[in-house]
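Each remark here refers to the structure printed beneath this line.
Residue numbers (the numbering used here), protein chains in the order written: chain Z, 18 to 424; chain L, 153 to 554.
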């Protein structure tokens with residue numbers, strides 16, 4: 018069966034994070050993703066963070082960050098600040114379905130590579146711009162990174178220890194959630210636009226995705242509390258604004274997350290704890306009541322949970338259908354029987370190290386498998402292949418462009 | 153013109169990730185039919201804050217429900233009743249996409265699993281969202297967002313270096329799964345219409361999705377065997393990349409490259425730092441964070457947030473205030489982007505909504521419907537889609553099927 022996005026070509030001018038993560042998803046779905054990088058330098062994430070070691074434990078020049086979001090792509094180096102480089106991009110855009118870029122708003126217009134210019138070359142092109150602040154508005158031209166949007170979207174204001182506790186104050190989410198959130202919006206927007214194009218609703222179009230907007234939208238279920246009441250939701254540590262119990266409890270050895278999503282689960286919890294009286298108690302019969310008496314209830318539960326080790330409680334609660342979970346570090350997460358069963362960690366053959374561990378795409382389709390044919394590419398690894406096969410350039414021409422530093 | 157005009161989604165999902173996904177499809181123009189339990193409806197109708205109407209009276213509507221159900225039609229159908237099951241089978245015959253998030257195997261008992269429904273409609277795209285997936289040792293376990301925040305390793309990397317693992321303050325695990333569901337059904341839809349002519353089944357697990365979302369941090373573990381530490385508001389690979397105390401509040405600074413670092417140092421009046429070989433490249437700065445950060449912090453503490461914000465904006469150093477929601481919606485950029493909008497609502501009068509952030513040039517998002525009241529469209533949908541007459545509807549209602 019052909020892949021989900023068979024015969025779809027993506028021209029990926031994006032760097033760093035939100036764009037590359039989005040185009041990796043399209044590559045997993047089987048699109049032909051051409052990653053355009055600056056000659057000799059390449060994507061900044063090639064230099065950021067932990068380096069991958071080879072079989073002998075020697076550091077390679079591949080970073081974990083780059084490897085985590087660039088599989089399935091072909092890397093082509095083109096200097097887009099040079100007119101001949103711009104011609105190459107225009108020629109590639111003419112043969113592509115989707116273009117993704119995350120330059121500062123207005124920057125690509127200087128090179129004649131903005132939507133208006135490329136639409137003239139290819140009216141069916143779906144052109145997705147991902148920026149920090151969007152293509153319009155008072156801050157549209159400014160650069161921005163994940164942390165800025167975690168801060169400005171309100172996400173940090175609701176993450177962290179409650180006021181008055183040690184370590185209180187807004188906290189960052191431990192991964193680049195705003196980049197990832199923008200990626201997801203870009204992917205669904207592109208897929209929506211592709212569907213519209215192929216259903217004949219419209220031709221190509223421009224999509225304007227901003228990290229600030231998308232992070233606000235992602236946290237909208239908490240923002241709605243503010244919008245409807247005018248009151249800023251409190252930071253609750255690991256607690257919830259919506260449910261109780263819903264937090265970390267300390268077993269005699271390890272912490273355990275326990276929560277009840279409905280009243281039936283709370284009755285199961287009470288029974289499993291040997292406190293059926295709690296289920297009958299007016300203070301905790303329904304979720305709104307439990308929320309009101311959250312602290313008292315947590316103390317009652319903690320008193321019992323603290324008497325036995327986590328493994329015992331896990332078995333008891335899972336048997337009773339009470340949602341609960343250990344707090345895993347990555348070693349524990351990847352060792353979990355369910356995670357192993359779902360084959361979430363896979364390995365790809367990889368030149369520099371022999372093989373490369375990767376997190377698999379989490380989607381399981383019955384009819385179409387994800388496509389994992391290419392590991393993260395070396396810088397410019399496919400320049401010749403693409404220039405030859407796609408643009409029909411003779412070898413002399415490619416050699417000349419290379420000499421001049423254009424590719 | 154919308155992206156998904158003519159596409160019908162039968163949404164059997166409850167609570168969060170499924171409804172969130174279906175709302176995105178509704179924003180994109182699909183006809184989303186939300187199926188709810190007669191009487192009580194979606195569990196999320198009981199969660200979150202109760203909303204007051206214009207006269208200040210409490211309504212039945214809750215903030216959580218209103219955050220993820222716009223653009224849908226609500227119908228009530230009892231799935232445990234054979235006649236209810238027949239109605240769902242008929243609706244599935246007239247739908248392109250079905251989304252459900254029952255526990256694995258639950259719908260098979262009602263003859264509403266993929267096998268049963270695809271027999272009637274081979275073009276149906278059927279997306280199951282569950283906590284742990286349709287297979288594996290935990291497939292039968294219930295799960296909610298914090299379970300997956302804790303099991304994906306996310307909590308282990310969130311929090312202060314010397315503190316305990318912390319939960320992200322919103323249901324990021326649900327939202328992540330919601331996105332994967334949308335991406336999956338849209339790609340499958342295109343594949344059906346352009347390539348195969350066939351629907352398919354999608355098995356999506358919250359645990360899998362959240363592991364994939366943190367994969368760029370998990371990769372650090374996979375390639376080194378070492379657990380990445382919790383860093384509070386700092387970053388392991390970029391510096392300076394954190395919050396700082398100013399004289400009157402906090403600001404975050406995210407310096408992404410060496411040029412920005414030089415500009416940042418000039419604003420601080422410490423240009424020599426950018427020349428110092430301990431700090432001249434990002435790699436060196438990340439390595440020598442403990443030396444660099446106290447110097448920067450001392451300088452930033454001397455002046456207020458607004459001063460630094462203006463100065464950094466001027467020279468292109470990425471920075472921003474740590475906003476509460478009041479500041480979020482008062483921000484000129486956010487206002488310019490019209491991220492806050494209102495929809496007319498029968499009970500509340502007008503309901504605020506956070507807009508869909510995707511800006512399409514050719515198929516702009518259109519908002520026709522506020523989050524529906526429970527069963528608001530039962531008669532409309534069953535008449536329009538299945539052609540049921542008034543007498544049948546009355547009988548079904550009497551028998552508590554709808």
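Here a beta-carbon is modelled for each residue, glycine too, at the ideal position from N, C-alpha and C.
Check whether the Cβ of residue 289/L lies closer than 9 Å to any Cβ atom in chain Z.
-> Using beta-carbon distances, residue 289/L counts as an interface residue toward chain Z, with a partner under 9 Å.
Measure how close the beta-carbons of residue 347/Z and residue 290/L come, nearest whole angstrom, since I'm counting them as under 8 Å.
-> With a Cβ gap of about 18 Å, residue 347/Z and residue 290/L do not count as contacting.
Start and end residues, alpha helix (DSSP H) containing residue 159/Z | Residue 159/Z -> no alpha helix (DSSP H), and no H or E assigned at all.
Any C-beta of chain L sitting closer than 9 Å to the C-beta of residue 198/Z?
-> Output row for residue 198/Z: interface = yes.
In the DSSP assignment, what are the bridge partners of residue 341/Z?
-> BP columns for residue 341/Z point to 275/Z.
Spell out the partners DSSP gives residue 501/L in its beta bridges.
-> As computed with DSSP, residue 501/L is found in a beta bridge with 497/L.
For residue 67/Z, return the contacting residues in chain L, with the cut-off set at a CB-CB distance below 7 Å.
-> Going along chain L in sequence order, the residues near residue 67/Z (Cβ under 7 Å) are 372, 375, 376.
Between the segment 236-252 of chain Z and the segment 307-325 of chain L, do three or more beta carbon pairs fall short of 8 Å?
-> Segments in contact, yes.
How about residue 520/L: is its C-beta nearer than 9 Å to some C-beta of chain Z?
-> Cβ-Cβ to chain Z under 9 Å: no for residue 520/L.
Contact under 9 Å by Cβ, residue 394/Z with residue 90/Z | Yes, the pair counts as a contact, with Cβ atoms nearer than the cut-off.
Are the segment 162-180 of chain L and the segment 218-230 of chain L touching, with three or more C-beta to C-beta distances below 8 Å?
-> Touching, yes, given that three or more Cβ pairs across the two stretches are closer than 8 Å.
Chain L partners of residue 23/Z, CB-CB under 7 Å?
-> Result: 347.
Over the uninterrupted beta strand (DSSP E) stretch that includes residue 471/L, give me the two end residues.
-> Taken as a continuous stretch (DSSP letters only), the beta strand (DSSP E) holding residue 471/L covers 471-473.
Coarse secondary structure for residue 359/Z, derived from DSSP in three states | Reduced to three states, the DSSP call for residue 359/Z is coil.
Compute the beta-carbon to beta-carbon distance between residue 161/Z and residue 470/L, rounded to the nearest angstrom, for a pair I have assumed lies under 8 Å.
-> About 5 Å separates the CB atoms of residue 161/Z and residue 470/L; that is less than 8 Å, so the two are in contact.
Check whether the segment 186-202 of chain Z touches the segment 254-261 of chain Z, taking contact to mean three or more Cβ pairs, one atom from each stretch, closer than 8 Å.
-> Counting Cβ pairs under 8 Å, fewer than three are found: no touch.
Starting from residue 224/Z, find everything on chain L with Cβ-Cβ shorter than 9 Å and list it in chain order.
-> Against chain L, the beta carbon of residue 224/Z has neighbours under 9 Å at 510, 511, 512, 513, listed in chain order.
Cα separation between residue 331/Z and residue 361/L?
-> A direct Cα-to-Cα measurement between residue 331/Z and residue 361/L gives close to 23 Å.
Just grab the DSSP bridge partners of residue 512/L for me.
-> Answer by DSSP bridge pairing, in chain order: 224/Z.
Top-ranked residue by Cα proximity to residue 33/Z, from 399/Z, 163/Z, 125/Z, 157/Z = Looking at the Cα atoms, 163/Z is the closest of the given residues.
Spatially closest choice to residue 357/Z from 287/L, 488/L, 408/L, 212/L, by CA coordinates | Comparing C-alpha distances from residue 357/Z to each of 287/L, 488/L, 408/L, 212/L shows the shortest one belongs to 287/L.
C-alpha gap between residue 68/Z and residue 208/Z, whole angstroms | Straight across, the Cα-Cα distance linking residue 68/Z with residue 208/Z is about 33 Å.
Take residue 139/L as the anchor and find which of 265/L, 519/L, 224/L has the nearest alpha-carbon.
-> In the structure as shown, chain L starts at 153 and stops at 554, and residue 139/L therefore has no counterpart that could be examined.
What is the DSSP secondary structure of residue 357/L, counted as helix, strand or coil?
-> Residue 357/L falls in the strand class under three-state DSSP.
Can you grab the Cα-Cα spacing for the pair residue 187/L / residue 41/Z, in whole Å?
-> Using only the alpha carbons, I get a separation of about 34 Å.
Counting along the chain, where does the alpha helix (DSSP H) carrying residue 418/L start and finish?
-> Following the DSSP letters along the chain, one finds residue 418/L inside the alpha helix (DSSP H) bounded by residues 410-419.
Can you tell me the Cα-Cα spacing of residue 385/L and residue 72/Z, whole angstroms?
-> Our two residues, residue 385/L and residue 72/Z, have alpha carbons roughly 34 Å apart in a direct line.
For residue 35/Z, which option in 198/Z, 53/Z, 422/Z has the closest C-alpha, if you only look at C-alpha atoms?
-> Of the candidates 198/Z, 53/Z, 422/Z, the one whose C-alpha sits nearest the C-alpha of residue 35/Z is 198/Z.
Counting along the chain, where does the beta strand (DSSP E) carrying residue 78/Z start and finish?
-> Per DSSP, residue 78/Z belongs to the beta strand (DSSP E) from 76-80.
In chain order, what residues of the same chain lie with their CB nearer than 6 Å to the CB of residue 192/L, ignoring the 5 residues before and after it?
-> Nothing listed; no residue qualifies.
Determine the DSSP secondary structure at residue 145/Z, reduced to helix, strand or coil.
-> The answer is strand: DSSP assigns residue 145/Z an E or B state.
So is residue 267/Z buried or exposed if we call it buried at 16+ other beta carbons inside 10 Å?
-> The residue in question, residue 267/Z, is exposed, as its Cβ has fewer than 16 Cβ neighbours within 10 Å.
Using a cut-off of 7 Å between C-beta atoms, extract the partners of residue 142/L located in chain Z.
-> What the structure shows of chain L is the stretch from 153 to 554, and residue 142/L is not part of that stretch, so it cannot be assessed.
Just grab the DSSP bridge partners of residue 375/Z for me.
-> DSSP lists 363/Z as the beta-bridge partner residues of residue 375/Z.
With a Cβ-Cβ cutoff of 9 Å, do residue 196/L and residue 251/L count as a contact?
-> Going by C-beta atoms, residue 196/L is not nearer than 9 Å to residue 251/L.
At a Cβ threshold of 9 Å, is residue 124/L touching chain Z?
-> Outside the displayed range of chain L (153 to 554) lies residue 124/L, so it cannot be described from this structure.
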